[in-house]
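J.:
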Amino acid sequence: MNVEKNNLVDREELKTETFYFLFVWFGFYIIGMIFIQIMAALFGLPDFALILNGITKGEYLEYLDTLKVLQLVLHLFQYIIPALVFLFLYHKKTALKKVYADQKPSIKNIVWSILLILSIYPFISFVYYWNTQLLPDGAISQDKLDIQKVFLEMNSPKDLILNLLLLGLAAGIGEEFLFRGILQRLLTLWTKNIHFGAILTGLIFSLMHFQLEGFFPRFILGVLFCYLLIFTGNLWITVIVHVFFNSVQVLIPYFYPNLAGNISEVESVAPLVAVASCFVFLLFLTIFREVNKEYKYIKIKTNNNNFNEFKN
């Protein structure tokens with residue numbers, strides 16, 4: 001293990017970096033909200049609440065593509081732009097290195113990471129079903145789910161491409177750079193523990209989607225993405241896996257539209273299938289850990305009020 005002196009971090013520096021990040025993040029969030037309001041006025045859109053309420057009833061469908069474009073723009077302002085602005089203004093030349101995006105991902109780690117996601121998917125579906133059953137009807141954001149269903153009703157290749165850009169590519173890149181790239185690193189340094197950093201990042205990742213019915217499955221996936229970064233030391237792995245996972249959620253409704261149902265139509269995965277899913281996942285995870293024998297992420301060594309940030 002080599003100590004990188006340029007990675008020496010003290011509490012005051014960490015406070016400054018955290019404040020700077022939050023300022024940039026929330027600043028661009030507000031700018032984004034103002035910007036899409038201006039764009040909506042230029043496009044001649046009616047009130048957003050009116051459109052979103054009507055679109056689930058088959059009204060205002062002529063504005064659907066415009067809504068997707070505005071959602072894409074808002075996502076840029078919420079995730080991708082603030083992440084990149086923060087990194088390249090605060091860390092400058094070391095920006096990509098700080099978030100472990102300065103190296104090409106290995107093919108074997110990409111393959112194993114995708115296998116991990118595929119193997120745990122039945123268990124995630126099982127958790128999702130029971131997550132919905134444990135909530136009272138009033139706690140389920142049915143309006144959001146109805147809008148998502150309309151978004152996933154695709155009738156042409158153009159609809160597919162737009163959804164892949166919005167829900168697959170933009171979401172995968174933006175959320176990974178912000179949550180796994182920046183937030184996980186800051187939380188790991190604050191807690192001085194890579195596991196606490198991963199769990200807290202997964203928690204915030206799930207909460208930021210503002211859907212209680214999907215809280216637990218998103219939390220599990222969020223933590224898993226964090227550990228993919230911890231094991232591989234490469235953010236592009238989590239970006240690729242996240243884009244792959246989200247894109248599958250778009251491709252299935254396009255080729256099999258009958259599978260795009262409402263929350264009330266979600267069926268439970270058989271417990272035996274869920275157990276088998278966990279078993280296969282743990283088997284793959286054991287192999288994956290053997291392929292990546294040591295953590296390639298931050299290692300913390302405390303020293304009074306200061307602490308060093310190490311990497312293998």
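With the UniProt record's numbering, the residue at position 83 of the sequence shown is 83, and numbering never jumps.
Here a beta-carbon is modelled for each residue, glycine too, at the ideal position from N, C-alpha and C.
Compute the Euclidean distance between the alpha carbons of residue 14 and residue 90, then round it to the nearest angstrom.
T.: 12 Å
J.: State yes or no: is the C-beta of residue 139 within less than 9 Å of the C-beta of residue 246?
T.: no
J.: I'd like the ranges of any alpha helix (DSSP H) spanning at least 4 consecutive residues and lying wholly in the segment 131-202.
T.: 142-151, 157-163, 171-175, 184-191
J.: Could you tell me whether the segment 102-111 touches the segment 193-212, where touching means 3 or more Cβ pairs closer than 8 Å?
T.: No, the segment 102-111 does not touch the segment 193-212.
J.: Would you kindly work out how many angstroms separate the C-alpha atoms of residue 156 and residue 187, rounded to a whole number?
T.: Using only the alpha carbons, I get a separation of about 43 Å.
J.: Helix, strand or coil for residue 13? Go by DSSP, reduced to three states.
T.: helix
J.: Whole angstroms is fine: what's the gap from residue 218's alpha carbon to residue 226's?
T.: 12 Å
J.: How would you call residue 44, buried or exposed, if buried means at least 16 neighbouring beta carbons within 10 angstroms?
T.: Under this definition residue 44 is an exposed residue.
J.: Are the beta-carbon atoms of residue 68 and residue 163 separated by less than 9 Å?
T.: yes
J.: For residue 263, count neighbouring Cβ atoms within 10 angstroms of its own Cβ and tell me buried if that reaches 16, exposed if not.
T.: With a pLDDT of 45 at residue 263, under the threshold of 50, the modelled position of that residue is not reliable, and no figure is offered here.
J.: Would you call the segment 78-88 in contact with the segment 19-33, where contact means no fewer than 3 C-beta pairs closer than 8 Å?
T.: yes
J.: Please report the residue range of the alpha helix (DSSP H) in which residue 252 lies.
T.: 235-255
J.: If you measure between the beta carbons of residue 232 and residue 53, is that distance less than 9 Å?
T.: No, they are not a contact pair.
J.: Less than 6 Å between C-beta atoms, sequence neighbours within five positions excluded: which residues of the same chain meet that for residue 281?
T.: 119, 120
J.: Do residue 56 and residue 150 count as a contact pair if the criterion is CB distance below 9 Å?
T.: yes
J.: Under DSSP, the alpha helix (DSSP H) around residue 52 begins and ends at which residues?
T.: Start and end: 48-55.
J.: Measuring alpha carbon to alpha carbon, tell me which residue in 22, 169, 237, 258 is nearest residue 72.
T.: 169
J.: Going by alpha carbons, who is nearest to residue 221 out of 62, 236, 37, 241?
T.: 241
J.: Span of the alpha helix (DSSP H) holding residue 101?
T.: Premise fails: residue 101 is in no alpha helix (DSSP H) and is neither H nor E.
J.: In whole angstroms, what separates the C-alpha of residue 292 from that of residue 12?
T.: 33 Å
J.: Going by other Cβ atoms of all chains shown within 10 Å of its Cβ, with 16 needed for buried, is residue 41 buried or exposed?
T.: exposed
J.: Whose C-beta lies closer than 7 Å to the C-beta of residue 88 among residues of the same chain, with five residues either side of it excluded?
T.: Taken in chain order, the residues that qualify are 95.
J.: Is DSSP giving residue 299 helix, strand or coil here?
T.: Looking at residue 299 - three-state DSSP - the assignment turns out to be strand.
J.: Among residues of its own chain, excluding the 5 on either side of residue 177, which ones have a beta-carbon nearer than 6 Å to its beta-carbon?
T.: 83
J.: Nearest-angstrom Cα distance between residue 284 and residue 123?
T.: 14 Å
J.: Can you tell me the Cα-Cα spacing of residue 23 and residue 279, whole angstroms?
T.: 43 Å
J.: Residue 101 to residue 234, Cα distance in whole Å?
T.: 6 Å
J.: State yes or no: is the C-beta of residue 85 within less than 9 Å of the C-beta of residue 19?
T.: No, the pair does not count as a contact, with Cβ atoms beyond the cut-off.
J.: State the CB to CB distance for the pair residue 269 and residue 126, rounded to an integer number of angstroms; the pair is presumed to be in contact (CB under 8 Å).
T.: 4 Å
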